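Read the structure below first, then the notes.
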Amino acid sequence: YLDILKKLKKDQPFLLYHYILMNNHVHLLIETNQKTELSKLMKRINLLYYNHYKRKYNYAGHFWQDRFKSILVSKDEYLLACGLYIE
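In terms of this note's numbering, the sequence shown opens at residue 5 and continues consecutively.
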């Protein structure tokens with residue numbers, strides 16, 4: 005998953021402030037710019053990871069439960085709180 009994020013950072017610039025990879029979901033604190041739409045970025049991340057998982061484990065079927073969830077973080081205090089929650 006982290007290799008996918010590194011690869012995509014080259015193509016679609018974004019800032020990754022915090023992350024945690026759990027056994028059944030992921031938390032990312034990402035800042036995108038005008039060139040990078042969050043929904044398109046998440047679609048690429050999810051598709052690339054699904055394809056990797058499918059090849060590695062010979063998996064077929066539904067993978068992600070729902071669409072990703074996002075919250076606008078507009079204040080520094082909330083940014084800090086989100087980072088603490090994720091870490």
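Ideal Cβ placement from N, Cα and C applies to all residues, glycine included. Note that the coordinates shown come from a computational prediction; the quantities given were computed from them, not determined experimentally.
- Assignment of L76 by DSSP, reduced to helix, strand and coil, places it in the coil class.
- Fewer than three pairs of CB atoms, one per stretch, sit closer than 8 Å, so the stretch 75-85 makes no contact with the stretch 43-62.
- DSSP, reduced to helix, strand and coil, places H31 within a strand of the structure shown.
- The C-alpha of L42 lies about 9 Å from the C-alpha of I34.
- Note on geometry: alpha-carbon atoms of Y21 and A64 lie some 32 Å from one another.
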